[in-house]
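According to my numbering, the sequence shown is numbered sequentially starting from 61.
Notes follow once the structure below has been shown.
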Amino acid sequence: MADPFLSSYGAFLVDIDGVLVRGAEPIPGAAEAVAALAAEGRVLLLSNNSTRSRAQHAARLSSLGFPIAADQVLPSSYATAAYLLDEQGPLTAWMIGEQGLRDELEAAGHSIASSPDRAEALVVGMDRAIDYGALTAALVALERGARFVATNEDGTFPVPGGVLPGGGAMVGALRGMGFAPDVVIGKPSPIAYRIALRELGAEANDVVMIGDRLETDIAGGIATGLDTALVLTGISTFADVDRSGIRPTWVADDLAALTRGGARRLRS
Ligand SMILES: [Mg+2]
Numbered sequence: 061m062a063d064p065f066l067s068s069y070g071a072f073l074v075d076i077d078g079v080l081v082r083g084a085e086p087i088p089g090a091a092e093a094v095a096a097l098a099a100e101g102r103v104l105l106l107s108n109n110s111t112r113s114r115a116q117h118a119a120r121l122s123s124l125g126f127p128i129a130a131d132q133v134l135p136s137s138y139a140t141a142a143y144l145l146d147e148q149g150p151l152t153a154w155m156i157g158e159q160g161l162r163d164e165l166e167a168a169g170h171s172i173a174s175s176p177d178r179a180e181a182l183v184v185g186m187d188r189a190i191d192y193g194a195l196t197a198a199l200v201a202l203e204r205g206a207r208f209v210a211t212n213e214d215g216t217f218p219v220p221g222g223v224l225p226g227g228g229a230m231v232g233a234l235r236g237m238g239f240a241p242d243v244v245i246g247k248p249s250p251i252a253y254r255i256a257l258r259e260l261g262a263e264a265n266d267v268v269m270i271g272d273r274l275e276t277d278i279a280g281g282i283a284t285g286l287d288t289a290l291v292l293t294g295i296s297t298f299a300d301v302d303r304s305g306i307r308p309t310w311v312a313d314d315l316a317a318l319t320r321g322g323a324r325r326l327r328s
């Protein structure tokens, strides 16, 4: 008999951190589960992690046992560059962020400003080397009217044994200076899902978003009209479903269980 979860969809959007890996540790059974999804439909990894480009994500995942091609990953670094190109054409940006974000901005045809007072946009993602000088430069860009573009606002992300500060910590530092983002690209923003559906060439009703975080993966998927599946290997727990009122279509202990008949349907 066809599996009720797998047979319901033609395409699968899958989060990375907390679903496939925790830090640099693959989650047991996740690689086989991705293969099972790929046998049923298209797979696109939709991640808020802006520190890597598509190519860097694919290389890292391949080294961890997930045979993923660069065009099967849609990180917020790529989505941000694509969104800005769609909306404004090539522009001059200042950024808080890491090499992968810079690579995607440049690959899309944007340029990095020679100084922050010349930037049309301030693009902010996770930056593990952020310091007072970086905040000062960002403030200069914002004071001069640069558009504040956040790759994502994840407060934390899961690693073995706990969590680390995410891109939301960088955005929060700028909020603390009195500036709110003009636009947020990553989940739960509908922008991320819109770009993902375009990449898949799929309609919302044929796609399920699989993630570990109710407020981003699941809430954004629901708002975009997708079915959603929560796996309990990352941030959110089953108790959080009742607490938050954010109710996924499916829940499973992990990605392996989701693809092997262990998906529990919570809503139709
Ligand atoms: Mg996650």
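Each residue gets a CB set at the ideal place from its N, CA and C atoms; glycine is no exception.
This structure is a prediction, so every number in the text was calculated from the model and none was measured.
Residue i: first and last residue of the uninterrupted beta strand (DSSP E) it sits in
i       : result
Val-79  : Element bounds for Val-79: n/a, residue is neither H nor E.
Met-269 : 267-271
Thr-319 : Looking at the DSSP string, Thr-319 is not in any beta strand (DSSP E), and its letter there is neither H nor E.
Asp-302 : Note, Asp-302: premise wrong, no beta strand (DSSP E); alpha helix (DSSP H) at 298-304.
Leu-105 : 102-107
Arg-188 : Taken as a continuous stretch (DSSP letters only), Arg-188 belongs to no beta strand (DSSP E), as it is neither H nor E.
Pro-176 : That residue, Pro-176, is in no beta strand (DSSP E); it is neither H nor E in DSSP.
Residues near residue i by beta carbon distance below 6 Å, same chain, minus five either side
i       : result
Ala-90  : Leu-80, Leu-315
Gly-215 : Gly-226, Gly-228
Val-209 : Ala-181, Val-183, Val-243
Asp-177 : Val-200, Arg-204
Asp-313 : Leu-292
Asn-108 : Ser-136, Asn-212, Asp-214, Gly-246, Lys-247
Ala-115 : Ala-130
Residue closest to residue i, alpha-carbon to alpha-carbon, out of the options
i       : options                            : result
Pro-241 : Pro-135, Val-183, Leu-318, Gly-322 : Val-183
Ala-99  : Gly-228, Ala-198, Asp-300, Tyr-69  : Tyr-69
Ala-167 : Ile-156, Glu-259, Tyr-138, Leu-97  : Tyr-138
Thr-211 : Gly-305, Thr-140, Ala-289          : Thr-140
Thr-276 : Glu-92, Pro-308, Gly-222, Asp-187  : Pro-308
Glu-259 : Met-155, Ala-62, Arg-207, Phe-72   : Phe-72
Thr-284 : Ser-113, Gly-305, Val-267          : Val-267
Gln-132 : Ala-95, Asp-272, Gly-222           : Ala-95
Arg-188 : Arg-162, Gly-157, Arg-207, Ala-179 : Gly-157
Asp-287 : Arg-327, Gln-159, Arg-207, Met-186 : Arg-327
Glu-147 : Pro-220, Ser-296, Gly-160, Arg-207 : Arg-207
Backbone CA spacing between residue i and residue j [nearest angstrom]
i       : j       : result
Gly-205 : Ala-197 : 13 Å
Ser-122 : Ala-173 : 33 Å
Ile-190 : Gly-321 : 44 Å
Glu-213 : Thr-319 : 29 Å
Gly-261 : Gly-193 : 42 Å
Ala-84  : Pro-127 : 15 Å
Leu-239 : Gly-169 : For the record, residue 239 in the displayed sequence is Phe; it is not Leu. If you take the alpha carbons of Phe-239 and Gly-169, they lie about 27 Å apart.
Ala-335 : Ser-110 : In the structure as shown, the chain begins at 61 and stops at 328. Residue 335 is therefore absent and cannot be evaluated.
Ser-52  : Met-155 : Here the chain covers residues 61 to 328 and nothing more, so residue 52 does not appear.
Glu-92  : Ala-279 : 27 Å
Arg-162 : Ser-249 : 21 Å
Ile-306 : Met-269 : 14 Å
Arg-254 : Leu-145 : 15 Å
Leu-165 : Met-230 : 18 Å
Gly-160 : Ser-113 : 4 Å
Cβ shell of residue i (< 7 Å), same chain only, five flanking positions each side left out
i       : result
Phe-298 : Leu-292, Val-311
Leu-224 : Thr-216, Phe-217
Ala-256 : Leu-73, Leu-104, Leu-106, Leu-134
Ala-233 : Leu-195
Identity of the residues DSSP links to residue i by a beta bridge
i       : result
Met-155 : Val-183
Leu-290 : Gly-271, Val-311
Ser-171 : Thr-152
Test: residue i CB closer than 7 Å to a CB of chain C
i       : result
Ala-317 : Protein chains in the displayed structure number just one, and chain C is not present.
Contact test: residue i Cβ vs ligand 2 heavy atom, cutoff 6 Å
i       : result
Asp-300 : Summarising the ligand content, the structure contains ligand 1 and does not contain ligand 2.
Endpoints, the alpha helix (DSSP H) within which residue i is located
i       : result
Pro-135 : Here Pro-135 belongs to no alpha helix (DSSP H); instead the beta strand (DSSP E) covers 133-135.
Gly-228 : 227-235
Leu-199 : 192-203
Arg-207 : Looking at the DSSP string, Arg-207 is not in any alpha helix (DSSP H); the run it does join, the beta strand (DSSP E), is 207-210.
Pro-250 : 250-260
Close-in-space but distant-in-sequence residues of the same chain around residue i (CB under 8 Å, 5 per side omitted)
i       : result
Ile-245 : Ser-136, Ala-139, Thr-140, Tyr-143, Val-209, Ala-210, Thr-211, Asn-212, Ile-251, Ala-252
Pro-64  : Ala-323, Arg-325
Ala-129 : Ala-118
Arg-102 : Gly-70, Ala-71, Phe-72, Leu-260, Ala-262
Pro-86  : Leu-80, Leu-124, Gly-125, Phe-126
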